[in-house]
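Okay, so the sequence shown: first residue is 0 according to numbering that gives the first Met the number 0, each after it adds one. Yeah, the Cβ is synthetic: ideal placement off N, Cα and C, and Gly gets one too. Since the model is a prediction, treat every value here as computed from it, not as a measurement. Following: one structure in structure tokens, then a few remarks.
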Amino acid sequence: MLQVTIDGRIHRFPADMPLLHALQQAGSPVPQLCHDDRLKPYGGCRMCLVEVAGEARPVAACAAGLRDGMQIRTDSPALQDLRHTQLSLLAARYPGQALAQQPELPFHRLLAEHGLAAAAEGGPPLPIHTAFRDDGHPYLAVDMDRCIHCQRCVRICDEVQGQFVWQVHQRGERSQVLPRDGRSLLGSGCTACGACADTCPTGAIHDKRSTTAERWTRSTCVYCGVGCQLEVGSRAGRVVAVRPADSPVNRGHLCVKGRYAFEFNHSPERIGRPMLREGGHWREAGWDEALDYVADRLGRIVVRHGPDSVGVLGSARATNEENYLAQKFARLVLGTNNVDCCARVCHTPSAKALKTMLGTGAATNAFDDIEQARTLLLCGANPTESHPVLGARIKQAVRNGARLIVVDPRRTELADHATVHLALRPGCNVAVFNAMAACIVEEGLVDAGFLAERVTGFAAYREFIRAYRPEAVAQACGLTAEAIRKAARLYAGAGPAMCMHGLGMTEHVQGTDGVMTLINLALLTGNLGKPGSGINPLRGQNNVQGAAHMGCDPVTLPGGQSFEEAAERVERVWGAALPGQRGLDLPGMLDRAAEGQFMALWCIGYDIHQSLANANRTGQALQQLELVIVQDLFLNETAKAFGHVFFPAASVFERDGTFMNADRRVQRIRRAVDPPGEARPDWWIIQELAARMGHPDGFRFDGPQAVWDEVRQVWPAGAGLGYDRLERESINWPCPDEAHPGTPVLHRDRFAMGQRAELACIDFTPTPERCDADYPLLLNTGRTLYHFNAGTMTYRTANAALSPCDMLDMAPADAAALGLADGELAMVRSRYGSAVLPIRLSERIKPGELFTSFHCADLWVNRLTSPLRDGQVHAPEYKVTAVRVERPEG
Ligand code: SF4
Numbered sequence: 000m001l002q003v004t005i006d007g008r009i010h011r012f013p014a015d016m017p018l019l020h021a022l023q024q025a026g027s028p029v030p031q032l033c034h035d036d037r038l039k040p041y042g043g044c045r046m047c048l049v050e051v052a053g054e055a056r057p058v059a060a061c062a063a064g065l066r067d068g069m070q071i072r073t074d075s076p077a078l079q080d081l082r083h084t085q086l087s088l089l090a091a092r093y094p095g096q097a098l099a100q101q102p103e104l105p106f107h108r109l110l111a112e113h114g115l116a117a118a119a120e121g122g123p124p125l126p127i128h129t130a131f132r133d134d135g136h137p138y139l140a141v142d143m144d145r146c147i148h149c150q151r152c153v154r155i156c157d158e159v160q161g162q163f164v165w166q167v168h169q170r171g172e173r174s175q176v177l178p179r180d181g182r183s184l185l186g187s188g189c190t191a192c193g194a195c196a197d198t199c200p201t202g203a204i205h206d207k208r209s210t211t212a213e214r215w216t217r218s219t220c221v222y223c224g225v226g227c228q229l230e231v232g233s234r235a236g237r238v239v240a241v242r243p244a245d246s247p248v249n250r251g252h253l254c255v256k257g258r259y260a261f262e263f264n265h266s267p268e269r270i271g272r273p274m275l276r277e278g279g280h281w282r283e284a285g286w287d288e289a290l291d292y293v294a295d296r297l298g299r300i301v302v303r304h305g306p307d308s309v310g311v312l313g314s315a316r317a318t319n320e321e322n323y324l325a326q327k328f329a330r331l332v333l334g335t336n337n338v339d340c341c342a343r344v345c346h347t348p349s350a351k352a353l354k355t356m357l358g359t360g361a362a363t364n365a366f367d368d369i370e371q372a373r374t375l376l377l378c379g380a381n382p383t384e385s386h387p388v389l390g391a392r393i394k395q396a397v398r399n400g401a402r403l404i405v406v407d408p409r410r411t412e413l414a415d416h417a418t419v420h421l422a423l424r425p426g427c428n429v430a431v432f433n434a435m436a437a438c439i440v441e442e443g444l445v446d447a448g449f450l451a452e453r454v455t456g457f458a459a460y461r462e463f464i465r466a467y468r469p470e471a472v473a474q475a476c477g478l479t480a481e482a483i484r485k486a487a488r489l490y491a492g493a494g495p496a497m498c499m500h501g502l503g504m505t506e507h508v509q510g511t512d513g514v515m516t517l518i519n520l521a522l523l524t525g526n527l528g529k530p531g532s533g534i535n536p537l538r539g540q541n542n543v544q545g546a547a548h549m550g551c552d553p554v555t556l557p558g559g560q561s562f563e564e565a566a567e568r569v570e571r572v573w574g575a576a577l578p579g580q581r582g583l584d585l586p587g588m589l590d591r592a593a594e595g596q597f598m599a600l601w602c603i604g605y606d607i608h609q610s611l612a613n614a615n616r617t618g619q620a621l622q623q624l625e626l627v628i629v630q631d632l633f634l635n636e637t638a639k640a641f642g643h644v645f646f647p648a649a650s651v652f653e654r655d656g657t658f659m660n661a662d663r664r665v666q667r668i669r670r671a672v673d674p675p676g677e678a679r680p681d682w683w684i685i686q687e688l689a690a691r692m693g694h695p696d697g698f699r700f701d702g703p704q705a706v707w708d709e710v711r712q713v714w715p716a717g718a719g720l721g722y723d724r725l726e727r728e729s730i731n732w733p734c735p736d737e738a739h740p741g742t743p744v745l746h747r748d749r750f751a752m753g754q755r756a757e758l759a760c761i762d763f764t765p766t767p768e769r770c771d772a773d774y775p776l777l778l779n780t781g782r783t784l785y786h787f788n789a790g791t792m793t794y795r796t797a798n799a800a801l802s803p804c805d806m807l808d809m810a811p812a813d814a815a816a817l818g819l820a821d822g823e824l825a826m827v828r829s830r831y832g833s834a835v836l837p838i839r840l841s842e843r844i845k846p847g848e849l850f851t852s853f854h855c856a857d858l859w860v861n862r863l864t865s866p867l868r869d870g871q872v873h874a875p876e877y878k879v880t881a882v883r884v885e886r887p888e889g
């Protein structure tokens, strides 16, 4: 601790505390205009000047550190004069009406505190201010009359988002802060993260659609698996604003979805009453009628066809507590292990590979390790679009010296920043990572010490991997051997090396195999069990990790535990036996439905018709069901076409509970507003139905906290994660007791299943989905920055103005060969279906390949994707579909 005297009083502070924070803590805060804790010290506004004994001149507190014995004065008459003069100069150039309109803004408050008025409206024009205005963006408005040149917008766009949209044009008196192209935000590469508006102290850049909140409620973002922490602003029962909160995950930053895409919550299309379909038409019903109807029909089906004729789907939209209750309902009330969730179609292959090889089916390291890695290996993931806050952190890590290897068929934004970009042919992951492993073994780049202490099977693996020398496989993968070797040398040579992967790894017939080849690389090079390393699946949805981890999986019990590990404990806590028969996963349920062997499905927050691959076959299967219960915010595509009952659910802003993010953090969501009409939280609906089906016992929780306390009983590694701790902390499990600090890095000294992990000899078997003369192009699918999954939420926000629909990205050479132009509609046909999509010419995609997203129900890209599935866990192969493109008829 350091001893420091501030304004005559002695204080003690930790050595690493910034001086500004120390002044705040000591009760002697100084004003600041150019400072933001998220940014590097700048020292530009001179408002935070303090006098330090021994220094000839005042020093800027934002840029100075603490020293033992320091003597500081913050409020001398000279300092007050300096600040007053600085502010007077700014005030003289400032539009007066702005102060009156928004007195709460930081700069306006400061002027008021110093008794200063701004220049009168209509006063003489002053030279350093530009009249630049931009009202063309759906979320951000710009009025540079208010710019005081603190450059916080410029710096936050550079230092946090890495987008370089705001720039200082010209110099001295003529300098102006303008978007990059000098004309508009939309034309300057803005990704609408809102960080500039968040940091601007004057409102020169401000949010257009947010209004002043009466109340702020801390919660977790509803969108991707990064799990950013935020504050939800509400007023008169409506969500009116969202702002970022500080947390280890997002460090005070959000993306366009987290910050702005909240208006869906009050869409007139929200369903506020239960509904029953009669004679092909929906009619509203009360909860009693709807629940009794479902209890009766489900009960009859179970009696008639047996418990394995019905199933339940949890989802990322539901909390941990709700997913726990959903699987408990399936197992205890219905008597079946037919329970699954949306993890099936994304990262079940990751969980399977990690559990099989390392003993824990989850990310090995925390996101905070990104800044500790010297090399980042990014495989089949496009985080600047799909996990934007993480993407921004990766970009900054590379700017700060980390090396980046990108393995992706497309030249993604991060590929522009990579030392090596392996633009492999889609579907070749296993071959490429085997080739990298072969290079590492052949060139002696293995970590011999780690192999000796922590790994088995090296002798057999060394023999096996010889067949995959880069020279043997590169051409078939669309790469050069030298590029593969360069990537391998970098990964093995510049450690610690952290691997992050996305759905480009898992949504293949060899999805699980692909992740296992990544784990092999980490085992060979010792990149496990230490900060800045590991194998880290980037989970796509807010609580997809939690949904599966809570037991919405036919072969896994809560806590990601196998039946062997946990059945006895679960049965003891539940006071009932688990069903003995193996359950069906979602693809298995639909297969049985298509055969007429499966009768009823309850979909909680999951639009399977639009989001599953091969939509035509999904539809044929759903058509066979006697009872489809859909529980959601909106009448989604599954409900519209096949639903018999609709239960209206409360949204993320309208309930309490926890989510689990991609790096194993359990984080609170909190109710900020009431649900519309009679919509109810999922946990309430599940409990009510259980009671009506004769199982009130085990479903009498008075709220999410009580449910969570039961989860902690059946999941020993989560026992220490009580709500009281989650109120103030964000903890990575395992956390077995209340005193445990959590575990950001797994497998430090041993793996979850033992001291050593075994290398896996994984042969590459190409997908049967091939191009031929009829289907000569390969279609790859993924996400975009502005939309999320089935689009039910984001298309009901102004994100639809930023990205109106899915686009078909095509290389200019392919478009020219087909006689198609940018923006034209094209008919895309696969062996399974067709869709009409607008073309976007893109240099980021190779000739012969296509890319599109799948968010837009009108275009329904999943009519094209194939029925092929991962060999081990049945995740669909969304990433490789042979298609042809034609000009649409008519
Ligand atoms: Fe939400 Fe993900 Fe964006 Fe964070 S990065 S604000 S979690 S969508």
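Asked	Found
Local conformation of F646 per DSSP, three classes	strand
DSSP three-state assignment for V3, whether helix, strand or coil	strand
Bridge partner(s) assigned by DSSP for I628	W601, V644
Check: K256 C-beta below 7 Å from any heavy atom of the ligand SF4	yes
V388 CB to nearest heavy atom of the ligand SF4 below 7 Å	yes
Residues sharing a beta bridge with A756, DSSP	V454
CA nearest to the CA of V569, picked from F646, R330, I71	R330
In chain order, each beta strand (DSSP E) run of at least 3 residues that lies wholly inside the region 282 to 366	309 to 312
heavy atom of the ligand SF4 below 7 Å from C195 C-beta	no
Within the region 211 to 275, ranges of the beta strand (DSSP E) (whole runs, at least 3 residues)	214 to 219, 228 to 234, 237 to 243
C-alpha distance - V58 paired with P30, whole-angstrom precision	13 Å
DSSP three-state assignment for G781, whether helix, strand or coil	strand
Contact under 8 Å by Cβ, G193 with L104	no
Where V167 falls: helix, strand or coil (DSSP)	strand
Residues near W714 in its chain [Cβ-Cβ closer than 6 Å; skip 5 each side]	P557, G558
D446 to K485 span [Cα, whole Å]	18 Å
Boundaries of the alpha helix (DSSP H) in which F432 is found, first to last residue	428 to 441
Strand pairing of D142, partner residues [DSSP]	R132
At least 3 beta-carbon pairs within less than 8 Å: the region 140 to 148 vs the region 65 to 77	no
C-alpha distance - D407 paired with M504, whole-angstrom precision	9 Å
Spatial neighbours of G285 in its chain, beta-carbon cut-off 6 Å, leaving aside the 5 residues before and after	none
8 Å Cβ cutoff met for H500 and A380	yes
Own chain residues within Cβ distance below 6 Å of E885, not counting five before or after	M826
Helix, strand or coil at L18 according to DSSP, with G and I counted as helix	helix
First through last residue of the beta strand (DSSP E) which encompasses G95	From DSSP, G95 is part of no beta strand (DSSP E) but of the alpha helix (DSSP H) over 95 to 100.
Any non-hydrogen atom of the ligand SF4 closer than 7 Å to G226 Cβ	yes
contact_flag[the region 368 to 378, the region 756 to 766] where n(CB pairs < 8 Å) is 3 or more	no
Extent of the continuous beta strand (DSSP E) run through T198	No beta strand (DSSP E) contains T198, which is instead part of the alpha helix (DSSP H) from 194 to 198.
L305 versus A599 - alpha carbon distance	The question names Leu, yet the displayed sequence has Gly at residue 305. The alpha-carbon atoms of G305 and A599 are separated by roughly 11 Å.
Option nearest G539 by Cα separation, candidates H643, M588, G533, V388	V388
D723 in three-state terms, based on DSSP	helix
Classification of R747 by the beta-carbon crowding that lies within 10 angstroms, buried from 16 upward	exposed
beta-carbon A537 near the ligand SF4 non-hydrogen atom, thresh 7 Å	It should be noted that the sequence gives Leu, not Ala, for residue 537. Outside the cutoff, so no.
Supposed contact pair A547 and T355 - C-beta distance, whole angstroms, cut 8 Å	Contact flag wrong, Cβ pair sits at about 15 Å.
Member of Q686, F787, D415 whose CA lies at the smallest distance from the CA of N541	F787
DSSP state of A856 mapped onto helix, strand, coil	coil
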